[in-house]
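Using numbering that gives the first Met the number 0, you'd call the opening residue of the sequence shown number 0 and step up by one each time. Idealized CB from N, CA, C, for every residue including glycine. First up is the structure itself, then whatever we jot down about it.
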Amino acid sequence: MGTQAETTIRPVLPPIIVDRNDKTATGGVGAHFYFAHLEDPAKAKISTNHPDVLQVIPGHTEPGDGVFTCGANALQPGRAHVKIVPSPEDPNQQPVDVMITIAKRG
């Protein structure tokens, strides 16, 4: 007789929205951060000082799907600074600077 494999289904959490004027954000391991209100995010430049804590995702375009904004995935507990330099077309040329704190998952 065969047995049915057990499957663990983890809930999908909504992204944590970070506005361009926010200075801090907090989430748990596995969280996704979405950086809102960037003009032409595909041409913005995103970086972090701790890629072991946060995996940054550049804004990009995909044919037929539109424009995707910059984001970051929380990899492990810690703190990481994220800097986004706006695209040259963005009328607000103020860089986005956010300190993100990642806590252990629940």
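Within the model, the alpha-carbon separation for residue 77 versus residue 56 is close to 18 Å. Here the region 31-47 makes contact with the region 56-76; the two share three or more CB pairs at distances below 8 Å. Annotation: residue 85 to residue 96 spans about 11 Å, alpha carbon to alpha carbon. When rounded, the separation of the alpha-carbon atoms in residue 79 and residue 11 is 23 Å. Between residue 66 and residue 40 the beta-carbon gap is near 6 Å, inside 8 Å, which marks them as a contact.
With respect to the 8 Å criterion, residue 83 and residue 22 are not classified as neighbours on the basis of their beta carbons.
Residue 73 and residue 24 do not touch by the CB rule: their CB atoms are close to 10 Å apart, not below 8 Å. Taking a C-beta distance under 8 Å as the contact criterion, residue 52 and residue 101 qualify as a contact pair. Within the model, the alpha-carbon separation for residue 13 versus residue 28 is close to 13 Å. In the three-state scheme derived from DSSP, where H, G and I count as helix and E and B as strand, residue 82 is classed as strand.
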